[in-house]
Amino acid sequence: MSLSHVARGAAGPALPSCGIELIDVAKTFRRGTRAVQALRSLTFSVRPGQVFGLLGPNGAGKTTTIRILATLARPSAGTAIVAGYDVVRQPQLVRRVIGVANQEIGLDLRATGRELLTWHARLWAVPDPLKKAEELLQRFGLTEAGDWPVRTYSGGMRRRLDLAVALVHAPKVLLLDEP
31 MSLSHVARGA AGPALPSCGI ELIDVAKTFR RGTRAVQALR SLTFSVRPGQ VFGLLGPNGA
91 GKTTTIRILA TLARPSAGTA IVAGYDVVRQ PQLVRRVIGV ANQEIGLDLR ATGRELLTWH
151 ARLWAVPDPL KKAEELLQRF GLTEAGDWPV RTYSGGMRRR LDLAVALVHA PKVLLLDEP
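Convert by adding 30 to the 1-based position in the sequence shown; the result is the number in our numbering.
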């Protein structure tokens, strides 16, 4: 299977410290006694402000790439840099500058949207977490539903809330897996 990418934005100078760069990244998983190669020599760069998409069939390595960039998986080979930080040597610094909305929505369905946003804002030490929660509820069209339990949200509302949670701390890099 192959993986391709789509980039939007004008070409520019060398990658500054707040973009993404992958150089010959590979990832091999063990499935019993056999090795399964999810990524082979993947190389690309993304400039700050650039919208970049990975396209490919199921099993092409899109989620694996996102997991490596989010420091949830280690590459078997190669180098991955996010916002100037190496994902293997400086994972805690990478985590400070990224927001992630995974393929599987990771929301507490018992909490309200407002509670989740406020909790995440506090977790990230965002000044005035209640104000930040209100701002994000409004920006994502969830103000009316802010005090409803997330379990009552439609699928689209949950995706918007998941994205708002990923943006609560104003990350330099936003990683979206099947948004």
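A virtual CB, placed ideally from N, CA and C, is assigned to each residue, including glycine.
Could you give the distance in angstroms between the alpha-carbon of residue i and the alpha-carbon of residue j?
i, j, result
"Leu197", "Asp54", "29 Å"
"Met31", "Val195", "Residue confidence for Met31 is low, a pLDDT of 40 falling below 50, so the modelled location carries little weight; the figure read from the coordinates is stated next. Spanning the two alpha carbons is a distance of roughly 32 Å."
"Glu165", "Thr173", "9 Å"
"Gly89", "Ala68", "7 Å"
"Leu85", "Lys92", "7 Å"
"His199", "Arg140", "23 Å"
"Ile98", "Ala56", "10 Å"
Would DSSP call residue i helix, strand or coil?
i, result
"Gly171", "coil"
"Ala100", "coil"
"Gly83", "strand"
"Ala90", "coil"
"Arg62", "Checking the sequence, you will find Gly at residue 62 rather than Arg. Here Gly62 sits in coil by DSSP."
"Lys162", "helix"
"His35", "Because the pLDDT of His35 is 48, which lies under 50, any placement of that residue in the model is unreliable, and the number read from its coordinates should be weighed accordingly. Of the three classes helix, strand and coil, the one that applies to His35 here is strand, per DSSP."
"Asp192", "helix"
"Arg152", "helix"
"Gln67", "strand"
Hey, residue i and residue j are a contact pair by Cβ (cut 8 Å); roughly how many whole angstroms apart?
i, j, result
"Gly176", "Thr142", "7 Å"
"Val117", "Val127", "Their Cβ separation, rounded to whole angstroms, is 11 Å, which puts Val117 and Val127 out of contact at 8 Å."
"Ile96", "Leu205", "5 Å"
"Leu52", "Ala110", "5 Å"
Give a yes or no on whether the C-beta atoms belonging to residue i and residue j are separated by under 7 Å.
i, j, result
"Gly108", "Pro78", "no"
"Ser106", "Thr58", "yes"
"Pro121", "Thr101", "yes"
"Leu153", "Val180", "no"
Among all the DSSP beta bridges, which residues are the ones paired with residue i?
i, result
"Gly114", "Its beta-bridge partners do not exist; DSSP assigns none."
"Glu51", "Ser75 and Ile111"
"Thr142", "Pro179"
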